[in-house]
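One structure is given here, and the rest of the page talks about it.
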Amino acid sequence: MTTFTALTSPRPRAAVVAAITALATVLYPVLTLAQGTPIKVGLMLPATGTFAALGDAIEKGFRLQVQEQGGKLAGREVQYFKVDDESDPSKATDNVNKLIKRDQVDVIVGTVHSGVALAMARAAKESNTLLIVPNAGADGITGAQCAPNIFRSSFSNWQPGFATGVVAAQKGYKRAMTITWNYAAGNETVKGFTEAFEKGGGKVMKELTLPFPNVEFQALLTEIASQKPDVVFAFFAGGGAVKFVKDYDAAGLRRTVPLVGSGFLTDGTLEAQGAAAQGLITVLHYGDNIETPRNNAFRNKYAVTYKANPDVYAMQGYDAAQLLVAGLNAVKGDLKQRDTLIAAMKKAQIDSPRGKFTLSAQHNPTQDFYVREVRGNYNVVTGVAVKALADPGRGCKM
Ligand code: PHB
2 MTTFTALTSP
12 RPRAAVVAAI
22 TALATVLYPV
32 LTLAQGTPIK
42 VGLMLPATGT
52 FAALGDAIEK
62 GFRLQVQEQG
72 GKLAGREVQY
82 FKVDDESDPS
92 KATDNVNKLI
102 KRDQVDVIVG
112 TVHSGVALAM
122 ARAAKESNTL
132 LIVPNAGADG
142 ITGAQCAPNI
152 FRSSFSNWQP
162 GFATGVVAAQ
172 KGYKRAMTIT
182 WNYAAGNETV
192 KGFTEAFEKG
202 GGKVMKELTL
212 PFPNVEFQAL
222 LTEIASQKPD
232 VVFAFFAGGG
242 AVKFVKDYDA
252 AGLRRTVPLV
262 GSGFLTDGTL
272 EAQGAAAQGL
282 ITVLHYGDNI
292 ETPRNNAFRN
302 KYAVTYKANP
312 DVYAMQGYDA
322 AQLLVAGLNA
332 VKGDLKQRDT
342 LIAAMKKAQI
352 DSPRGKFTLS
362 AQHNPTQDFY
372 VREVRGNYNV
382 VTGVAVKALA
392 DPGRGCKM
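For reference, each letter of the sequence shown is one residue, going 2 to 399 in the working numbering.
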């Protein structure tokens, strides 16, 4: 007959208790150390070059959300490690490895430039480092190069291009020319624009490009003047967008050929663009006057903290931190519970200043795109271009 007395007899029970106590004594300092050590956040953003202001706004937005969390993430202090990526893809792998290998960060937040971000995504995938992209739209990041540990709080290049194409076709334009920098963001945004514009009955007659980050637009503007399309679609951002909008206006083109763009053309740039930007119509997943308590609170806190108005980049940085908070809170700051953390980030509903959004299966925001018009120093929302636009996530196997 089988008896189970041995298992319940006083002696083994005492031994089990002793073993647990011993284990707890060993583990306690390790566990408290994990909670007591800071979370290491690697910020890889441009601090120099044409996108420098964009990197600055992203960092400010990120830090504002951390400040709203009491300066901590899931109860843990935050330690920042920073790299200026210079928006230079040729230095991107070395730069990201400073954060991954040298600093051994827990999470990387970056960057602005699509070419740099693609190299970061490759390194993050290989090393299984958590990566949150707070701007760069490279389609592959949530497409062919997607990975469980890679998330985006911004957009795919296809999205604003597509949404602007919808609006341009609705306005009845038939013949378009496009102009942009010849790199992933420019080319993919133009592709998105063309897809929607041609579906809506228009035709892209000619694609004009110049190398990133050149701003010698004159020859291309002369070509636009001679071809006289119904509309020009442009993707530029940061310092390059300031110069382009001013040059387009100075060439007298605004009187003859309407200019539209994804909203980066006029976001964070209006003070510098002045009169040259007034009345421009753009399309983006943010606008300055979204009249919700959430956006008003964000804008007020940002203005009080930094003595400046937030733009789309600040908002995306803020939401990168919100996404991280959603994951970290689910595991009480214990990054080793990677599957639970990722599952929480995947299903997060982010209460963003732009409006609430969720992530696609490929980890890219599914979000509304707004029509905006430049009035004074603001991109004023005048309507919705496309509601709940999801990136197709082409090529993602996950
Ligand atoms: C990009 O390179 O993906 C990029 C850069 C600046 C923007 C938007 C996208 O404003």
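Heads up, the beta-carbon is just placed ideally off N, CA and C, and yes, glycines get one too.
- Using a cutoff of 7 Å, the CB of Gly288 does not count as near the ligand PHB, since none of the ligand's heavy atoms is closer than that.
- Taking Ala273 as the centre and dropping the five residues before and after it, the same chain places the C-beta of Val243 closer than 6 Å to its C-beta, in chain order.
- For Ala235, the enclosing beta strand (DSSP E) stretches over residues Val232 to Phe236.
- Checking the 7 Å criterion, the Cβ of Asn96 is out of range of every heavy atom belonging to the ligand PHB.
- Within the chosen limit of 7 Å, the ligand PHB reaches the beta carbon of Phe52 through at least one heavy atom.
- Met45 is the residue among Leu285, Tyr81, Met45 and Arg123 whose C-alpha sits nearest the C-alpha of Asn96.
- Of Ala186, Val205 and Lys41, the smallest CA-CA separation from Thr130 is found for Lys41.
- Just so you know, the alpha carbons of Leu325 and Pro366 end up roughly 14 Å apart.
- Listed in chain order, the non-local C-beta contacts of Pro39 below 8 Å within the same chain comprise Arg77, Glu78, Val79 and Gln80, local neighbours out to five positions each way being set aside.
- Taken in chain order, the complete alpha helix (DSSP H) segments of 4 or more residues contained in the region 48–92 are 53–69.
- Leaving aside the five residues that flank Phe198 on each side, the residues in its chain whose CB is nearer than 7 Å to its CB run, in chain order, Gly166, Ala169, Ala170, Ala177 and Val205.
- A distance below 7 Å between beta-carbons, with the five flanking residues on each side excluded, links Ala53 to the following residues of its chain, in chain order: Pro47.
- Secondary structure at Asn380: strand, using DSSP grouped into helix, strand and coil.
- By DSSP's assignment, Pro366 forms a beta bridge with Leu360.
- In the three-state scheme derived from DSSP, where H, G and I count as helix and E and B as strand, Tyr303 is classed as helix.
- In this structure, Val258 places its C-beta atom within 8 Å of the C-beta atom of Val232.
- By the C-beta density criterion, Thr306 is exposed, having fewer than 16 other C-beta atoms within 10 angstroms.
- Its Cα nearest to that of Gly241, the residue Gly187 stands out among Asn296, Gly187 and Gly203.
- Note that the region 94–114 does not touch the region 273–288; fewer than 3 beta-carbon pairs, one per stretch, sit closer than 8 Å.
- Membership of Leu336 in any alpha helix (DSSP H) is not indicated, and neither H nor E is assigned to it by DSSP.
- Counting of Cβ neighbours within 10 angstroms places Ala251 among the exposed residues, the total staying below 16.
- Within its own chain, the residues whose Cβ lies closer than 6 Å to the Cβ of Thr195, once the five positions on either side in sequence are excluded, are Val205, listed in chain order.
- Remark: the shortest separation between the CB of Asn136 and any heavy atom of the ligand PHB falls under 7 Å.
- The C-beta distance from Lys126 to Ile101 rounds to 11 Å, too long to fall under 8 Å, and the pair is not in contact.
- If you draw a 10 Å sphere on the C-beta of Ala226, you find fewer than 16 other C-beta atoms in it, and that means exposed.
- Its Cα nearest to that of Ala122, the residue Ala145 stands out among Pro230, Ala145, Glu208 and Tyr287.
- Residue pairing from DSSP places Trp182 in a beta bridge opposite Leu211.
- Nearest neighbour of Pro294 by Cα position, chosen from Gly56, Arg355 and Arg255, turns out to be Arg355.
- Cβ contact annotation for Asp107 (same chain, cutoff 6 Å, sequence separation greater than five): Ile40, Lys41 and Leu336, in chain order.
- Annotated three-state conformation of Ser263 is strand, per DSSP.
- For secondary structure counted as the beta strand (DSSP E) over 3 or more consecutive residues, the region 243–293 holds these complete runs in sequence order: 260–263 and 282–285.
- The residue from Ala148, Thr179, Lys200 and Tyr184 with its alpha-carbon nearest to that of Gly173 is Lys200.
- Sequence-distant Cβ neighbours of Lys99 in its own chain, meaning closer than 6 Å and more than five residues away, are Val84.
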